[in-house]
Structures are given as C-alpha cells and as structure tokens.
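Notes for the one structure printed next.
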Amino acid sequence: MDTLLCDELLQEIFHRLRPPSLAAVSLVSKRWRRLLRSSTTSLSLYLPPPYDPTTIASFSSFLSQHHFLTNLSIATSPLAGVGDNLLLSISVACPKLRKLRYLTNPLSPFSLVVISTSCAHLSSISVALSRPLCFHWLRCFSGLKCLSLFFTSPVSVLDSYGVEEKIDAFDAELGLDNLSLSGIVSEDLGLGLLWRNCRNIKKLQLQSCASLGDYACVSGFVKILKGLQELELRACRSIVDGVLLKVAENCDSLESLLIYDGGSQEGIMQFINQSKCNLKRLELRLPLDLDNTHLIALAENLNFRGLTSLRLENCCLVTGDGLKVFARTIGVKLEELALINCDVVERESGLLTALGQDLKRLRKLDLSFNEMMVDKELTLMLASCNFLIELKLRGCRGLTEKSVASMVRSCENLQSVDITCCGIEMEGVELLVLKSKRLRQLEVEQNKLSDTARIVASSKFIEVVCLD
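Using this note's numbering, you'd call the opening residue of the sequence shown number 53 and step up by one each time.
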C-alpha cells in the first residue's frame, strides 16, 4: 500500500485526518513521516529542558523538515535566555512562518529584529516582553496585522528612566488591525508609541491592566478609538470606567463590547446613556455591577436597537423583570442569548417561556451551568425558538431525556449541541443523534455515547467531541 499511493494523494488524506489519527501517521513508515512533516502547516510544541546547544540544534533540524509551516506555537520551561535562542533557531528554519506564539519567556528586541528579517511573512505575533518596554522593533514588521504582548517583570525606576524620551523620538504608522496587551501598569512609559501609531486598530484587547500608561500615554489612547469595532476588557477593574467613558465620547464605530470582572454600576450606566455607537454584540461577566437598570437603559437607547447578541455570565443582580423589558424591546433582532450561571433562570419560574415568546429569531442559546433548571422550563422556551442552530446546556444537571425530545420536535435546524455534564443519559444522547436532521456537532461525555450512537453519528457525518 505504501507504494501504491502517490505523494500528493497521501498528503491530501493526511489533511483530512483528525488530530488523534494524525499523530499515528508518522509511525507507519519513514516516507509517511517525511510527507506528513513536509505538508504540515501548523504546530503546537512543548520543548522540555535541557536547553543546551545540542537540544537547540535538534529543535532547529526538526522544524526545518516542515517546509510549509506557517503557524507555530511553542511552550518551554520558564528559564532565562531560552526564548532568544529558540527564536533565532525559528528564524533560520521557518522562513514561511506567518503566525508565532511564544509566551513562556520574555524576548529581547534584538531577537525580534532578527526574526523580522528572516520571516518576512509574519502577520501575527504573540510574545512576552520584559521591562523596560521597547517597541522600536515593530517598525521592522511591515506585514504585521495582529499583535499580542504580555508584559513581565517588575518595574524599577532605573528601568523606566529615559525610556519615554527614546520612544517619543520614533514615529511610524503601524498597520495593525488587532492589538492585545496584558499587564500594563502606571509606570510603563513606552506605550505612547503604540497609541500614537496604531490608528487602524479594529479590535483592542486589554487584560489584567491597571493602567494605560503614564499621563502622556493616556492622552494618546484616544487616537486609536476612531475606527475601533471590537473592545475586550478582562480583569481591568481600575481602568474600565475611564476607558468606557473615552469610548463613549470618541468612538461611534464600536460593534462588539466584552467586559469580564471589572467596571462599576455608575461607569457602565454612563457608557450606556452616552454611547453613540450602534452596538451589535454585548458580553458581560459582572456579578455585582449589572442590574435591571442597565438592561432597561439598553432597551431605551435607540442606538442599541440593532443588538444581535447578549451574553451574561454570573450576573446575580439581574431579575426577570429587566430581562423581559429588554426582550420585548430588542427581541426582534436578537439572534444570540447567553444566561450562563445566572440564578434568575432557576429562581423565576416561567421566565424562559416568556423570553422564548419574545425572542423567536434566536439562532444561538447558551444556558450552561444553570444546574437546577428543569425540563419544563427549557421545553416551553424551545417550543417558540424554531430557528435555533446552536444550543449549549453544559452543566445543566437538572435536565433529562425529556429535553432531548423537545429539541428534536421543536428545533429542526439544530446543528450544534453541547450537553456535557448534563443530566441527560445515554438514551437521550442516542435519541438526539438518531432523530436530529441537521446535527453536525455534538459535545458529550465519552461514557454516554453508545455504539449505536457512534455508528449513526459517523454515517451522518456528525462530529462528536467527547469529554473523558
């Protein structure tokens, strides 16, 4: 068989294999291993110690066998100096690289300049930087579109001295579309360059940030907001209110907003009332900062009438009254609703039924981790949601096979279902696989998948994602 199939046909087969099967291909023969490596475009590797010259040389030799590698993610032990040595090896072995992710150890500006010369096609970089911050190397990446930076090491007065003056002397418009920054503190002086020269940013992500930099940096931050379409603020409690205020005042292009673990009731309300953007997607995980007044304000702001997605998680102060007002006002266009671990789902009987009647255009519904939700509540809601294509019920232990019967009966367009860690047992899983007409993906525990369900899923080309 090894000689009957040509190289091109074997490589096409390899591309269609799933990861568990793909891992065994290299064990068949040397030819198969060579063809697999030469056709692989994406790798995620962990390189264990020691990191001596012999190990680095072997790593470089291994990478050089992957002639078409464009996406590389690497993890190592957190040891000083390792990252720069690895990056120099990558720059020699992977000239076609387009995406690079290495976050274990901070990299030096010198090694980044080197890889920019050797890997001229890089468009996405996710790396860690040590302080003092330096961004001069960015001008060497002419095709860079996506940049993720994780700032490490503590700040010292000596590190920060003179950095701002050097940075301010360099200005060059960067063509970034997507910028993600993690770990900013108030002593970080070099961020002014990014804010001044990233005026084409469409998506901005800030994570675990206590500041936007010093005062000069903050004044430059406004410049990137003009064309901003997506904003994510994760664990940035001390700056959320200020960022939202600047967005409300200076940005009318925002379509998607995500806030996790941060903000205040007043700051969020101020944003809702003053914002002029036509928001399409809103995702909030604010246990003590979101209540009915915010939902009602959303419904009253005419700029938010085009909202198509609302995702709430752990929002314990929201009640059925606020959700009902929101659904009656904006429900005409809402296509996605998530109420994840929101006890209002379990606390107020009949809420889901009322929401279903006002949200008949829903295509995606996520009610995960509402452990006490019962079949009756879900069944009555699904009876009105005939256009659902995606349903997530992970962790809903109060559900049984009765809910599956409702899915099959009311939601004929379902394509993706997640019933992991549910009360639904093997019989319900089998019923779902047998009776669903358009199901394409199912997430469920391994021990709840019967032999019959496996065979039918395979024959109907349903991808089954199993949790061990």
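Cβ coordinates follow ideal geometry from the N, Cα and C atoms, glycine included.
Predicted model only: the values in this text are computed from it and were never measured.
Assuming N230 is part of the beta strand (DSSP E), what are its boundary residues? 230-234
Quick one, are the C-beta atoms of C303 and C261 less than 8 Å apart? No. Outside cutoff.
Taking just the CA atoms, how far does T381 sit from Q326? 19 Å
Mapping the DSSP letters down to three states, classify T360 as helix, strand or coil. coil
Residues in the same chain with beta-carbon distance under 8 Å from G475, minus the five sequence neighbours each way, listed in chain order, please. C448, R449, G450, L451, T452
Under 8 Å Cβ to Cβ from F513, same chain only, skipping five residues before and after it: list those, please. R492
Which of the three DSSP states, helix, strand or coil, is assigned to I392? Looking at I392 - three-state DSSP - the assignment turns out to be strand.
Using the Cβ count rule (16 or more neighbours within 10 Å means buried), how would you classify R86? exposed
Hey, would you say I253 sits closer than 8 Å to L231, going by beta carbons? yes
Beta carbon of N393, beta carbon of F439: below 8 Å? no
Cβ-Cβ separation, K82 to L121 (assumed contact under 8 Å), whole Å: Contact flag wrong, Cβ pair sits at about 20 Å.
Using 8 Å as the threshold, is the segment 235-254 in touch with the segment 263-280, meaning 3 or more CB pairs across them? yes
Pair within 8 Å by beta-carbon distance, L196 and C146: no
In the structure shown, what three-state DSSP assignment does N123 receive? DSSP places N123 in strand when its eight states are reduced to three.
Chain-order list of residues whose beta-carbon lies under 6 Å from that of T204 (same chain, five-residue window excluded): P158, A180, S182
Distance between beta carbons of A379 and D410, contact taken as under 8 Å: 4 Å
Between the C-alpha atoms of N9 and G272, what's the straight-line distance to the nearest angstrom? As shown, the chain starts at 53 and ends at 520. That puts residue 9 outside it, with no answer to give.
Please report the distance separating the alpha-carbon of A351 from that of L443. 25 Å
According to DSSP, simplified to helix, strand and coil, what is D293? helix
Less than 8 Å between CB atoms is the rule here; does L445 satisfy it with respect to chain B? The question asks about chain B, but that chain is absent: this structure has only one protein chain.
Near K275, which residues of its chain fall below 7 Å by C-beta distance, leaving aside the five closest residues on each side in sequence? W247, R248, R251
Per DSSP, what are the beta-bridge partners of Y98 in this structure? A127
Going by the CB atoms, is the gap between E282 and E307 shorter than 8 Å? yes
Assuming K298 contacts L331 (C-beta within less than 8 Å), just tell me the rounded distance between them. So it is not a contact: roughly 16 Å between Cβ atoms.
To which residues of the same chain is V397 closer than 6 Å at the C-beta, ignoring the five residues directly before and after it? L391, N422, M425
Backbone CA spacing between E318 and L369 [nearest angstrom]: When only Cα atoms are considered, E318 and L369 end up about 15 Å apart.
Three-state class that DSSP yields for D304 in the structure shown: Coil, per DSSP.
If E482 sits next to A505, beta carbons under 8 Å apart, how far is it from one beta carbon to the other, in whole angstroms? 5 Å
Bridge partner(s) assigned by DSSP for D470: K444, E495
What is the DSSP secondary structure of K416, reduced to helix, strand or coil? DSSP, read as helix, strand or coil, puts K416 in strand.
Is the Cβ-Cβ distance between S361 and E388 less than 8 Å? yes
Hey, E112 and S141: beta-carbon distance below 8 Å or not? Before going further, note that residue 112 is Ser rather than Glu in the sequence given. Taking 8 Å as the Cβ cut-off, S112 and S141 qualify as a contacting pair.
N157: first and last residue of the uninterrupted alpha helix (DSSP H) it sits in: Segment 151-159 is the beta strand (DSSP E) holding N157; no alpha helix (DSSP H) there.
Other residues of its chain near K376: CB distance less than 6 Å, five sequence neighbours each side excluded: A406, listed in sequence order.
Proximity of V517 and L501 at Cβ, strictly below 8 Å: no
Rounded straight-line distance, which links the Cα of C186 to that of Y213: A caution first: Y213 carries a pLDDT of 44, below 50, which makes its placement in the model unreliable, though a value can still be read off. Rounded to whole angstroms, Y213 to C186 spans 12 Å at the Cα level.
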